[in-house]
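Here the protein sequences come in this chain order: A and B. Last residue of the first sequence: number 514 in the numbering used here, and the count goes up by one each step with no gaps. Last residue of the second sequence: number 514 in the numbering used here, and the count goes up by one each step with no gaps. Heads up, the thing below is written out as structure tokens.
Number of protein chains: 2
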Amino acid sequence: MLAIVIIGSGNVAQHLIRAFSQSGSIEVVQVFARNAEAVSRLIDADKITSDFAQLKEVPLYLIAVADKAVAEVSAKIPFEGKIVAHTSGSISLSELDPKNTRAAFYPVQTFSKDKAVDFRQIPIGIEIEDPTQKTILEDLARAISGKVFEMDSKQRKALHVAAVFSCNFVNHLYALGNVICDRHNIPFEVLQPLILETANKITTLSPAQAQTGPAIRGDFGTINAHLELLDDNQSAIYQLLTQSIIDHGKKL
Amino acid sequence: MLAIVIIGSGNVAQHLIRAFSQSGSIEVVQVFARNAEAVSRLIDADKITSDFAQLKEVPLYLIAVADKAVAEVSAKIPFEGKIVAHTSGSISLSELDPKNTRAAFYPVQTFSKDKAVDFRQIPIGIEIEDPTQKTILEDLARAISGKVFEMDSKQRKALHVAAVFSCNFVNHLYALGNVICDRHNIPFEVLQPLILETANKITTLSPAQAQTGPAIRGDFGTINAHLELLDDNQSAIYQLLTQSIIDHGKKL
Numbered sequence: 263m264l265a266i267v268i269i270g271s272g273n274v275a276q277h278l279i280r281a282f283s284q285s286g287s288i289e290v291v292q293v294f295a296r297n298a299e300a301v302s303r304l305i306d307a308d309k310i311t312s313d314f315a316q317l318k319e320v321p322l323y324l325i326a327v328a329d330k331a332v333a334e335v336s337a338k339i340p341f342e343g344k345i346v347a348h349t350s351g352s353i354s355l356s357e358l359d360p361k362n363t364r365a366a367f368y369p370v371q372t373f374s375k376d377k378a379v380d381f382r383q384i385p386i387g388i389e390i391e392d393p394t395q396k397t398i399l400e401d402l403a404r405a406i407s408g409k410v411f412e413m414d415s416k417q418r419k420a421l422h423v424a425a426v427f428s429c430n431f432v433n434h435l436y437a438l439g440n441v442i443c444d445r446h447n448i449p450f451e452v453l454q455p456l457i458l459e460t461a462n463k464i465t466t467l468s469p470a471q472a473q474t475g476p477a478i479r480g481d482f483g484t485i486n487a488h489l490e491l492l493d494d495n496q497s498a499i500y501q502l503l504t505q506s507i508i509d510h511g512k513k514l
Numbered sequence: 263m264l265a266i267v268i269i270g271s272g273n274v275a276q277h278l279i280r281a282f283s284q285s286g287s288i289e290v291v292q293v294f295a296r297n298a299e300a301v302s303r304l305i306d307a308d309k310i311t312s313d314f315a316q317l318k319e320v321p322l323y324l325i326a327v328a329d330k331a332v333a334e335v336s337a338k339i340p341f342e343g344k345i346v347a348h349t350s351g352s353i354s355l356s357e358l359d360p361k362n363t364r365a366a367f368y369p370v371q372t373f374s375k376d377k378a379v380d381f382r383q384i385p386i387g388i389e390i391e392d393p394t395q396k397t398i399l400e401d402l403a404r405a406i407s408g409k410v411f412e413m414d415s416k417q418r419k420a421l422h423v424a425a426v427f428s429c430n431f432v433n434h435l436y437a438l439g440n441v442i443c444d445r446h447n448i449p450f451e452v453l454q455p456l457i458l459e460t461a462n463k464i465t466t467l468s469p470a471q472a473q474t475g476p477a478i479r480g481d482f483g484t485i486n487a488h489l490e491l492l493d494d495n496q497s498a499i500y501q502l503l504t505q506s507i508i509d510h511g512k513k514l
């Protein structure tokens with residue numbers, strides 16, 4: 263059993279603690295949590311600490327904290343020559359303290375409180391500066407995921423940007439759809455099958471092939487009628503995305 | 263058995279022909295198709311016509327053609343006093359020829375060629391100018407869908423706009439994510455679990471509750487690092503949606 267310490271108590275940390283605890287092949291010997299309450303249902307109280315001086319010595323530390331705190335936390339680990347991996351999509355290995363072997367362990371998923379996820383289906387992108395220690399990081403990832411792949415820091419950053427478009431921005435478009443529905447007394451649930459089908463479609467078609475709607479048809483009558491229904495912010499987004507769909511359609 | 267004629271041979275028409283033929287309670291006695299080839303696998307050749315003079319007399323005609331052709335097609339139906347329903351999200355009843363009872367039959371879904379859909383899960387919004395004939399339209403919709411609801415022309419237009427945001431624009435964001443992945447040699451498949459989870463999430467959380475990412479966290483370090491990776495068009499979309507997420511977050 264590989265013994266690890268997880269540093270963090272937010273959504274990602276909580277999901278990782280749960281997944282590793284259920285894995286059977288990884289032992290979470292300790293969790294560093296400034297907010298012990300947040301992880302108290304996931305691990306025994308005597309395995310939680312908020313004092314770096316009390317950190318147990320293990321071969322691998324997993325840092326799942328806010329991006330801006332990763333570098334500082336990596337410097338506070340009171341050991342050397344271990345593997346220290348962060349879980350962020352947007353941080354380079356070089357931002358970690360070099361006293362330990364620097365690594366990344368990036369689960370490509372959106373984590374919300376109170377929403378369970380199936381970790382076996384979550385791709386995990388790994389990177390480690392010392393190739394001779396890659397197996398340990400790989401074993402860690404394979405303990406919870408069936409989709410482990412290698413990527414460098416630049417690719418991880420690009421993937422994180424792509425994820426912001428395909429997830430964070432997508433969710434905001436759902437939110438704008440919700441606002442429009444509310445304003446016209448239409449239950450937002452009416453859009454759910456459409457939303458699910460739109461997501462499912464791109465498992466069999468490329469997004470370029472799957473594009474439908476007035477923009478790709480060049481249906482300016484409908485586009486202009488739509489713009490009349492929108493407020494300034496909705497209208498700006500509608501026009502920019504419509505133009506982008508038209509421009510990308512021309513390149514195909 | 264209610265006998266109907268379907269006018270059209272595009273994606274929506276094809277999916278409707280298939281769904282009604284399998285319904286057991288609706289008889290598609292004829293399909294009007296300028297392109298007979300497109301529907302030849304769905305209905306017998308002797309039931310296909312491209313001549314309005316040959317149109318059979320039935321109680322109900324369903325027009326599933328391009329938006330701009332709907333009005334003209336409704337005028338060419340050589341009968342009066344029937345129900346004529348279009349399937350468009352963006353057309354008012356008033357655009358149909360008044361010689362027949364005007365109606366709308368709007369399946370809230372995205373239809374692509376070669377991609378089967380489960381019609382029972384597709385909401386269908388119905389509207390008819392003569393309330394005494396509502397039952398016929400309702401029976402038609404219930405023959406293929408478990409989610410039939412009434413809405414007026416203004417609500418249908420608003421729902422169509424909301425669907426453009428939640429489906430067409432969403433798909434374009436997938437496409438932009440795909441472009442970014444391609445440019446950095448990352449397989450787009452890596453994003454699929456994230457995309458599916460993002461869509462699934464809003465069946466249990468509201469989109470406002472489900473929002474994650476650098477914009478809602480106010481993480482400008484990550485936002486600025488992302489902008490450096492983007493081309494002008496991607497950057498304009500990134501900035502506009504990021505600002506919109508921040509502004510909506512403030513209202514909560």
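We put the beta carbon where it would ideally sit given N, CA and C, even for glycine. Bear in mind that the values here come from a model prediction, so they are computed numbers and not experimental data.
Let me check one thing: in DSSP terms, what residues is residue 267 of chain A bridge-paired to?
A:292, A:323
For residue 251 of chain B and residue 352 of chain B, I'd like the C-alpha separation in whole angstroms.
The shown model of chain B, from 263 to 514, leaves out residue 251 of chain B, and the question about it has no answer.
Rounded C-beta distance between residue 405 of chain B and residue 388 of chain B? I'm assuming under 8 Å.
Contact doesn't hold; Cβ gap of about 12 Å is too wide.
Which of the three DSSP states, helix, strand or coil, is assigned to residue 311 of chain B?
strand
In angstroms with no decimal places, state the Cα-to-Cα distance between residue 450 of chain A and residue 383 of chain B.
15 Å
In whole angstroms, what separates the C-alpha of residue 457 of chain B from that of residue 461 of chain A?
Approximately 6 Å, taken between the alpha carbons.
Which word fits residue 459 of chain B, buried or exposed, when buried means at least 16 other C-beta atoms lie within 10 angstroms of its C-beta?
buried
What's the gap between the Cα of residue 429 of chain B and the Cα of residue 372 of chain B?
8 Å
Applying the 10 Å Cβ sphere with the 16-neighbour rule, what's the burial state of residue 475 of chain B?
buried
With 7 Å set as the bound, which would you pick, yes or no: does the beta-carbon of residue 292 of chain A sit closer than that to a beta-carbon of chain B?
no
How far does the beta strand (DSSP E) with residue 411 of chain A in it reach, from first residue to last?
409-412
From residue 340 of chain A to residue 440 of chain A, what does the alpha carbon distance come to, in whole angstroms?
49 Å
If distances are taken between C-alpha atoms only, which option among B:313, B:309, B:438, B:323 comes closest to residue 296 of chain B?
It is B:313.
Suppose you measure from the CA of residue 264 of chain B to the CA of residue 287 of chain B; what does that come to, to the nearest Å?
7 Å
May I ask you to list the residues that DSSP assigns as paired with residue 367 of chain A?
A:388
Which residues does DSSP pair with residue 348 of chain B in a beta bridge?
B:325, B:366
In terms of residues, what are the limits of the alpha helix (DSSP H) holding residue 476 of chain A?
Looking at the DSSP string, the run of the alpha helix (DSSP H) that includes residue 476 of chain A is 476-479.
Are at least three pairs of beta-carbons, each pair with one atom in the region 492-509 of chain B and one in the region 494-505 of chain A, less than 8 Å apart?
yes
Using a 10 Å radius around the Cβ and a threshold of 16 neighbouring Cβ atoms, would you call residue 362 of chain B buried or exposed?
buried
Does the distance from the C-beta atom of residue 345 of chain B to that of residue 324 of chain B stay below 7 Å?
With respect to the 7 Å criterion, residue 345 of chain B and residue 324 of chain B are not classified as neighbours on the basis of their beta carbons.
Flag this pair as yes or no: are the beta carbons of residue 305 of chain A and residue 269 of chain A separated by less than 7 Å?
No, Cβ-Cβ distance for residue 305 of chain A and residue 269 of chain A is not below 7 Å.
Can you list, in chain order, the residues of its chain with a C-beta nearer than 8 Å to that of residue 392 of chain B? Leave out the 5 residues immediately preceding and following it.
363
Please classify residue 367 of chain A: is it buried, with 16 or more other beta-carbons within 10 angstroms of its beta-carbon, or exposed?
buried
Is the beta carbon of residue 301 of chain B closer than 7 Å to that of residue 266 of chain B?
no
Should residue 470 of chain A and residue 437 of chain B be called a contact, given that it needs their Cβ atoms to be closer than 7 Å?
Inclusion of residue 470 of chain A and residue 437 of chain B in the CB contact set at 7 Å is warranted, their separation being smaller than that value.
From the DSSP output, in three-state form, read off residue 422 of chain A for me.
helix
Specify the secondary structure class of residue 393 of chain A as computed by DSSP and reduced to three states.
Helix at residue 393 of chain A.
Taking Cβ-Cβ distances shorter than 7 Å, what residues in chain A pair up with residue 459 of chain B?
371, 372, 379
Mind pulling the chain B residues with CB within less than 7 Å of residue 320 of chain A?
Here the premise fails: no neighbours, minimum Cβ distance about 29 Å.
Put residue 447 of chain B into one of helix, strand or coil per three-state DSSP.
coil
Would residue 433 of chain A pass as a contact of residue 425 of chain B if the rule is Cβ separation under 7 Å?
no
Anyone know if the C-beta pair for residue 318 of chain B and residue 291 of chain B falls short of 7 Å?
yes
Quick one: which residues of the region 301-313 of chain B get their C-beta closer than 8 Å to a C-beta of chain A? List them in chain order.
Residues: none.
Tell me which residues of the region 430-450 of chain A have at least one Cβ-Cβ distance to chain B shorter than 9 Å, keeping chain order.
So the close ones are 430, 431, 432, 433, 434, 435, 436, 437, 438, 439, 440, 441, 442, 443, 445, 446, 447, 448, 449, 450.
Taking the alpha-carbon of residue 386 of chain A as reference, which of A:375, A:480, A:408, A:311 has the nearest alpha-carbon?
A:408
Give a yes or no on whether the minimum CB-CB distance between residue 398 of chain A and chain B is below 7 Å.
no
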